[in-house]
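Chemist:
2 protein chains.
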Amino acid sequence: MKNAVLAAIGDELLCGARTERNASFMAGKFHAKGWNVQRIEVISDEEDEIISLLSRWAGRTDLLIISGGLGPTHDDKTRSAIARYLGCGLKADDEAYDRVLARVKDDQRRYDYTKKCRDPQAMIPELAETVFNPAGFALGIKFEKDGTKVIALPGVPFEYEAMTRQELPEIFAVDEKRTASVIILDTPEMTIAGKIPEVISNNSLHVSILPAFPQVELIFKGEPEIVAWAEGLTRSRFDGLVLPEGSRSIADAVLIEARAKGVKVACAESCTGGLVGGALTEIAGSSDVFNGSAVTYSNEAKQKILGVRAETLRNHGAVSSECACEMAEGARRIYGADFAVSITGIAGPDGGTEAKPVGTVWFGISGRKGTRSVMRRLPGNRGEVRTRAVRFALSELWKELHSI
Amino acid sequence: MKNAVLAAIGDELLCGARTERNASFMAGKFHAKGWNVQRIEVISDEEDEIISLLSRWAGRTDLLIISGGLGPTHDDKTRSAIARYLGCGLKADDEAYDRVLARVKDDQRRYDYTKKCRDPQAMIPELAETVFNPAGFALGIKFEKDGTKVIALPGVPFEYEAMTRQELPEIFAVDEKRTASVIILDTPEMTIAGKIPEVISNNSLHVSILPAFPQVELIFKGEPEIVAWAEGLTRSRFDGLVLPEGSRSIADAVLIEARAKGVKVACAESCTGGLVGGALTEIAGSSDVFNGSAVTYSNEAKQKILGVRAETLRNHGAVSSECACEMAEGARRIYGADFAVSITGIAGPDGGTEAKPVGTVWFGISGRKGTRSVMRRLPGNRGEVRTRAVRFALSELWKELHSI
C-alpha cells in the first residue's frame, strides 16, 4: 500500500473564510486505488510553514500534494518557499507559459492581463520541474526529495483536478473496487450495525458508518472480494430501503428510478428555496426526467403559481399537511409531471410557534396512487434543517417511485 | 496572541466521503478574536493516530479542539484513545446522560434507542471531565495536559457549534473587528492589488485575496485601527463595484439592497436548477423581499410557466439572449416582482456545440428600466459553471438594484 499526504496552503483556510475541498476530492481517488491517505493538513501561507511542511514529510510518505499559494499576488508564497527549501533560484518557464497564453489569444483583455502575470505565474524553482496547467494559468511545480514525490498545484478546484488527472493517470484509471458505498434510508445506525454483525466485526474489512438523516451511508474498504461480499450481504438485508447500486446519492437514485420507470418528476419548494431542484440538476443528464421546481416562498406565489387555495392557507397555514398536498398536486399539474414532491416548513431561526416549532416541515408526495403527506421535526440550525429537508423530500420521492 | 489547533477524526474524511467543515467554522471564530490557528489536521480514526495527535500538540498550543469519533458505533474511538493517553478507565456520566435522555422522553422510539446507546455515548475517561451536549446525545470530553486544554466534541456540525459556544463563550462574544472583508465585483485580482498598493504593502496588515468569479474578496487581518483604515480606503477606491458593508455575500447584498429600496425580487432558472433561490433563502428573513424562483428545466416548462414563446425557442434556442429576456420577464410577471434575473445555459459535460460550447450562459435582468441580457462563457466542470452562474446572476441583479 502506498502512502500520500494532502496539504493545503492558505490563511483564508485557517481563518475560516474558505473550506478546503481539494484534499477530500483527491482522498477519494486515492482510496479507490488502495492508497492510504496518512493525513490532511491545512497550513498558513507563510514561507516558513511551507518549508516546515516539506521537511516534515520528505522521506516519510510516497507522495505529497500541496495546493494553493501559486496565484499572482503577494500572499502566494509556494514558489519561493520551494526554491528556498531546495536551495536554488527561480526561473520562468516561458515555453509552458506561452502555451497557456495561447489559449486566451482571442480575448485581448484577458490576454494582456495573463501576460502581465508571467512573473510570478511562470516561475519555477531551478531544481524542480514544471507541471503544465491545462485548465488555468499558474504553472505547477514538481520534484523529488528523499524518496518523496512532491507536487505543488494551484488551489482553484478545477485546475487542481485537471492537473492531478494529468500527473497521476494511474490514480484516475478505473479498476477493481476496493471501496463500496451502500446507502440505507430510515434506519438508525445502531439498528443497521445490529443487522450485519458479521460485516461489522470482520477484521479484514474497514467499515465507516456515516449518518446523514434520513440516510446512513456505509463505506467498506478492503480487498476487492471482501468488499464485494460485504456490499452484497448488506444490500440483501435492507431490501426496499437501500438505494440501488450505482446511485451515489438520493438525488441520483431518484433520477435513475424515474428513468427506469419512464416517468417525469417535479417539485414545489418553500423553505428549501430551490435546493431540491439544485440537488437534482447537479447531476448531468437530469433534464430527461426532471421538469422543474416551483420555488414559492410567499403565500401569494403559492396561490398564484401552484393553485394552493386561499382557504387552505387561512384555515391551516402554509406549514400544514393540506398546503403540502396542494403544492405537490400543483407542481405535478403545472410541470406536466407524473410525480411531484413538495416542502413547506419553518427553517428558523424565527417563525416558530409552540404548535409548529422551528424545524417543523411538511412534505407532500403526489403521484399515480394519489397524494400523501408526512411531517418531520428536523433538528439543527437553518442550514441543517434545510439540508435534512432536501434529503428527506428526495427519499420520499424515491420510495414512491421505487414502489410503482 | 493565543494559539489553537483544530483536528478532525474520521476515515470518512481521509477517504473523501465527507469534507471537514467544523474546523473552518471554528477557525473563523478564533480569527475574529485575534487567536492564531496554527494548523488544521485531519487524521484517521485509529486509536494510535488519536494518541499521536494528543502527544504532538500537548504543551505546544493553548487549545486543541478535536471533533469526531464520539458516536455510538465501532468506528468511534476518541473516548478509548483519550483514556489510554491519560492512563485511566472509562466511567459513565449517568447524571449528564439522563439530562440528554429527558429531551426525548415524549418520543418513545427515539428514547429507547438513545437509552440503548448509553454505553458508549455517556462514557467519560476517569481523569477527564464531561462536556454536556445541549443539541445531541453523545457527551464530549475535556482535560488539561502540559498547559494545553483539550476539548473533544462530536463531529455533527450543529452539536459541535452548540458545544463550542457553551465551552468557549469568550470566543463567541462580539467585540472589536480584527478582521474585515471587502467584496469587489467584476475586477481581476491584479487590478485590485494595483489600485490599493499602500494596503497591500502594509507590514502590520495581513491581506488575503480570494477570487471567486465574478467577485474578489479581500480579507484584512490585524489590529482593529489598521483593519478599519484598510477597509475604508479599499471601499472608497471601488465605488459602485464594492458590496455594502455588512453584506457577507452577493446574495446577502441583493436582499439588503431590495429591502432598502422596498422592492421584491424573483428568478427563473434553467441550468442552475434552483441554486439562485437556494442561495437567497439560505439567509434568514429573505421571505420579505424574495417571492420565489421558477425552475424551468424543460422547454415545455419555460413556455407553460414563464410564457417563453415557442417561436423564440425555435429560432434562437433555449440558450439565447431572447429566451433569457423572456424568462426574466415571465418570472417578474408570475411572481409579481419588481425585479427578476434569469439564467439559461449549458453546464455540461454534454450539450455543447461549436457556436454554444459548454459554459455558455445567458442571463436576463428585468426591472423598472426594462430588460437586458448578458452572456458569459464560464470555465470549469458542471459544478463550477453552475456555481459561477449563480454568483454572476446575483451580482447582475445587485448592480441593477444598486443603480435605481
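Protein chains in written order, with the working numbering: chain A, 1 to 404; chain B, 1001 to 1404.
The beta carbon of each residue, even a glycine, is placed where N, CA and C say it ideally should be.
Being a predicted model, the structure only gives us computed values, none of them experimental.
Round the Cβ separation of B/K1145 and B/D1062 to the nearest angstrom and send it over; I've been treating them as touching at under 8 Å.
Modeler: Not confirmed; about 12 Å, so no contact.
Chemist: Let me know the secondary structure DSSP gives B/R1368 once reduced to three states.
Modeler: It is coil, neither helix nor strand.
Chemist: Is A/Y85 near A/I51, with beta carbons less than 7 Å apart?
Modeler: Result yes, Cβ atoms of A/Y85 and A/I51 sit closer than 7 Å.
Chemist: Between B/K1177 and the rest of its own chain, which residues show a CB-CB distance below 8 Å, the 5 nearest in sequence each way excluded?
Modeler: Same-chain partners within the cutoff: A1032, P1224, V1227 and A1228.
Chemist: Just to check, is the beta-carbon of A/H206 closer than 6 Å to a non-hydrogen atom of the ligand GTP?
Modeler: What this structure holds is no ligand at all, so the ligand GTP is not there to describe.
Chemist: By the DSSP assignment, the alpha helix (DSSP H) with A/I100 in it spans what residues?
Modeler: Note that residue 100 of chain A is Val in the sequence shown, not Ile. Start and end: D94 to A102.
Chemist: Straight-line CA distance for B/E1434 to B/L1401?
Modeler: For chain B, the structure presents residues 1001 to 1404; residue 1434 of chain B sits outside this window and is missing.
Chemist: When the Cα atoms are used, what is the spatial distance from B/L1205 to B/I1066?
Modeler: About 30 Å.
Chemist: Using DSSP with H/G/I as helix, E/B as strand and the rest coil, what is A/A135?
Modeler: In the structure shown, A/A135 sits in coil (DSSP, three-state: anything other than H, G, I, E or B).
Chemist: When you compare the CB positions of B/A1301 and A/G292, do they come within less than 7 Å of one another, or not?
Modeler: Closer than 7 Å, so yes.
Chemist: Answer with buried or exposed for B/G1233, where buried requires no fewer than 16 other C-beta atoms within 10 angstroms of its C-beta.
Modeler: The sequence given here places Leu at residue 1233 of chain B; Gly does not occur at that position. Counting Cβ neighbours within 10 Å, B/L1233 comes out exposed, since fewer than 16 surround it.
Chemist: Hey, A/L54 and A/E41 are a contact pair by Cβ (cut 8 Å); roughly how many whole angstroms apart?
Modeler: Not a contact, Cβ separation roughly 12 Å.
Chemist: Which same chain residues end up closer than 7 Å to A/E231 when comparing Cβ atoms and leaving out the 5 residues on each side of it in sequence?
Modeler: For A/E231, where only same-chain residues beyond five positions count, the Cβ hits under 7 Å are A180, V182 and F220.
Chemist: To be precise: take each residue of the segment 317 to 330 of chain A, compare its Cβ to all Cβ atoms of chain B, and keep it if any distance is under 7 Å. Which residues remain?
Modeler: Correct list: empty, as no residue qualifies.
Chemist: Please list, in chain order, all residues of the same chain as B/Y1297 whose beta carbon is under 7 Å from its beta carbon, the five residues on each side excluded.
Modeler: Contacts found: S1270 and G1273.
Chemist: Does the segment 389 to 396 of chain A come close enough to the segment 359 to 369 of chain A that 3 or more CB-CB pairs lie under 8 Å?
Modeler: Because the criterion of three Cβ pairs below 8 Å is met, the segment 359 to 369 of chain A and the segment 389 to 396 of chain A touch.
Chemist: According to DSSP, what are the bridge partners of A/C267?
Modeler: A/S293 and A/V341, per the DSSP bridge assignment.
Chemist: Using C-beta distances below 6 Å, list every residue in its chain close to B/L1153, excluding the 5 sequence neighbours before and after it, in chain order.
Modeler: Result list for B/L1153: S1067, G1140, Y1160 and M1163, in chain order.
Chemist: What residue range does the beta strand (DSSP E) around A/S208 cover?
Modeler: That run of the beta strand (DSSP E) goes H206 to A212.
Chemist: Considering only DSSP beta bridges, list what B/L1064 is partnered with.
Modeler: Paired residue(s): B/V1005 and B/V1150.
Chemist: Assuming A/V385 and A/A347 form a contact by the criterion Cβ under 8 Å, report the distance between their Cβ atoms to the nearest whole angstrom.
Modeler: Right, the Cβ-Cβ distance comes to about 5 Å (below 8 Å), so this counts as a contact.
Chemist: Using a Cβ cut-off of 9 Å, pull out every chain B residue sitting near A/G274, in sequence order please.
Modeler: Per Cβ cutoff of 9 Å: C1267, E1269, T1272, G1273, G1274, L1275, V1276, G1277, G1278, A1279, L1280, T1281, G1292, S1293 and V1295.
Chemist: Can you tell me whether DSSP reads A/V390 as helix, strand or coil?
Modeler: A/V390: helix per DSSP, three-state reduction.
Chemist: Ends of the beta strand (DSSP E) at B/P1125?
Modeler: Note, B/P1125: beta strand (DSSP E), M1123 to P1125.
Chemist: Based on Cα-Cα distance, which residue from A/I196, A/R333, A/D106 and A/L218 lies nearest to A/R237?
Modeler: Per the Cα distances, A/I196.
Chemist: May I have the straight-line CA-CA distance separating A/E322 from B/S1247, to the nearest angstrom?
Modeler: So the alpha carbons of these two residues sit roughly 37 Å apart.
Chemist: To which residues of the same chain is A/G10 closer than 6 Å at the C-beta, ignoring the five residues directly before and after it?
Modeler: Answer for A/G10: D45 and G68, listed in chain order.
Chemist: Between which residues of its own chain and B/I1305 is the CB-CB distance below 6 Å, once the five residues before and five after are set aside?
Modeler: Answer for B/I1305: A1294 and T1296, listed in chain order.
Chemist: Given a limit of 9 Å on CB to CB distance, which residues of the segment 1013 to 1034 of chain B reach chain A?
Modeler: Listed by position, the residues of the segment 1013 to 1034 of chain B near chain A (Cβ gap below 9 Å) are L1013, L1014, C1015, G1016, A1017, R1018, T1019, E1020, R1021, A1023, S1024, F1025, M1026, A1027, G1028, K1029, F1030, H1031 and A1032.
Chemist: When the cut-off is 7 Å and only beta carbons count, does A/M375 lie next to chain B?
Modeler: With 7 Å as the cut-off, A/M375 does not count as an interface residue toward chain B.
Chemist: To the nearest angstrom, report how far apart A/E20 and A/A8 are at their CA atoms.
Modeler: Approximately 7 Å, taken between the alpha carbons.
Chemist: Quick one: list the residues of chain B neighbouring A/N203, beta-carbon separation under 9 Å, in chain order.
Modeler: Those within 9 Å of A/N203 in chain B number zero; the least Cβ separation is about 11 Å.
Chemist: Check whether the segment 1101 to 1114 of chain B touches the segment 1022 to 1030 of chain B, taking contact to mean three or more Cβ pairs, one atom from each stretch, closer than 8 Å.
Modeler: Result no; under three Cβ-Cβ pairs closer than 8 Å.
Chemist: Which whole runs of the alpha helix (DSSP H) in the segment 1152 to 1186 of chain B are 4 residues long or more, in chain order?
Modeler: Listed in chain order, the complete alpha helix (DSSP H) runs (minimum 4 residues) inside the segment 1152 to 1186 of chain B are 1157 to 1167 and 1169 to 1172.
Chemist: Taking the alpha carbon of A/Q121 as the point to measure from, which residue in A/G147, A/D106, A/D75 and A/V390 has its own alpha carbon closest?
Modeler: That would be A/D75, whose Cα lies nearest to the Cα of A/Q121.
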